[in-house]
Amino acid sequence: RNPKYRTTAYAHFLAMREHCRVANGYTIVDDVRPRPMKLGDLFPAYSFSENFKYLYLMFAETPRFDPAHYYLNTEGKIMRGLVRA
């Protein structure tokens, strides 16, 4: 629980909430450079399995993930660690 990573993750969350939040959830941003940002009209399902799962695990008070025995793949799925035969 390195404070450096928690600070960065929190800044990412605040930016998502400020720039991607819409009436019924979140949406994509086509280009982050212009202000105001141009919002898209969809929200990819993988954003929950990736972004929000990582944010949840980062800020959960009780550890929800044991990195000694499990790992997260690029899709945010919890996988059992590899064991040598």
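Counted from 1, the sequence shown has number 172 at position 6 by the working numbering; the numbering is strictly sequential. The beta carbon of each residue, even a glycine, is placed where N, CA and C say it ideally should be. Bear in mind that the values here come from a model prediction, so they are computed numbers and not experimental data.
Could you give the residue range of the beta strand (DSSP E) that holds residue i?
i	result
Arg-246	244-246
Leu-238	236-238
Asp-207	Segment: none, Asp-207 is in no beta strand (DSSP E) and carries neither H nor E.
Pull up the distance between the alpha-carbon of residue i and that of residue j, whole angstroms please.
i	j	result
Ala-189	Pro-200	21 Å
Glu-241	Glu-216	6 Å
Asp-197	Met-203	7 Å
Ser-213	Thr-228	23 Å
Cβ atoms of residue j and residue i: under 9 Å apart, would you say?
i	j	result
Val-195	Leu-208	no
Arg-230	Tyr-237	no
Should residue i be listed as close to the ligand GDP, given that the test is whether its C-beta is under 8 Å from any heavy atom?
i	result
Thr-228	Looking at this structure, you won't find the ligand GDP or any other ligand, since it has none at all.
Report the option in the options whose CA atom is closest to the CA atom of residue i.
i	options	result
His-235	Asp-197, His-178, Glu-241 and Gly-247	Gly-247
Any idea which residues DSSP pairs residue i with across the strands?
i	result
Asp-197	Lys-204
Arg-187	Tyr-192
Where does the unbroken alpha helix (DSSP H) through residue i begin, and where does it stop?
i	result
Phe-225	219-225
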